[in-house]
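A short worksheet on the structure shown next.
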Amino acid sequence: MEMKGLIPGVVTYNSILRKLCEAGNMKEANSLLNEMNDKKIEPDNVTCNTFINAYCKIGDMSSAWKFRNKMLEGGLVQDQFTYKALIHGFCKIKEMDKAKQLLFDMLDAGND
Numbered sequence: 116m117e118m119k120g121l122i123p124g125v126v127t128y129n130s131i132l133r134k135l136c137e138a139g140n141m142k143e144a145n146s147l148l149n150e151m152n153d154k155k156i157e158p159d160n161v162t163c164n165t166f167i168n169a170y171c172k173i174g175d176m177s178s179a180w181k182f183r184n185k186m187l188e189g190g191l192v193q194d195q196f197t198y199k200a201l202i203h204g205f206c207k208i209k210e211m212d213k214a215k216q217l218l219f220d221m222l223d224a225g226n227d
């Protein structure tokens, strides 16, 4: 793509990141995220939710939560996909109190 003079944007990166995350290649996905940063391509909600969902699926809630915090620090807002991934992740590791609190937060935010 770049050899033909086309510059990949956030949508292109999101597509590749999604496949890497689905395959469990988190190291490669994070490397690609660093490449985005180097090229000054800002992650969007799709980017963040892709990572949050991937970390939740493997039960790495610490990384999922850190990514969620970076998302909020970057001025993005949690949407229904963010909440649902986190709720499922906390349920997976049997932290029901955190899952319940997120559910209440989601309902309060109007993202049901």
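Residue numbering for the sequence shown follows this note's numbering, beginning at 116 and increasing consecutively.
C-beta: ideal position from N, C-alpha, C; glycine also.
Quick caveat, the model's predicted, so the values are computed rather than measured.
Nearest-angstrom Cα separation, counted from residue j out to residue i
i: S130; j: G204; result: 22 Å
i: D227; j: N140; result: Note that D227 has pLDDT 48, beneath the 50 cutoff, so the model's placement of it is unreliable and the number below is only indicative. Going from the Cα of D227 to the Cα of N140 covers about 30 Å.
i: D220; j: I167; result: 17 Å
i: K228; j: I202; result: What is shown of the chain runs 116 to 227, which leaves residue 228 out entirely.
Endpoints, the alpha helix (DSSP H) within which residue i is located
i: L132; result: V125 to E137
i: M151; result: M141 to D153
Closest Cα partner of residue i within the set the options
i: G124; options: K155, R133, G225 and I167; result: K155
i: N160; options: L187, M116 and K215; result: L187
i: K185; options: T127, C163 and D153; result: C163
i: M211; options: L135, M176 and A169; result: M176
Any non-hydrogen atom of the ligand PLP within 7 Å of residue i CB
i: M116; result: No copy of the ligand PLP appears in this structure; indeed no ligand is present at all.
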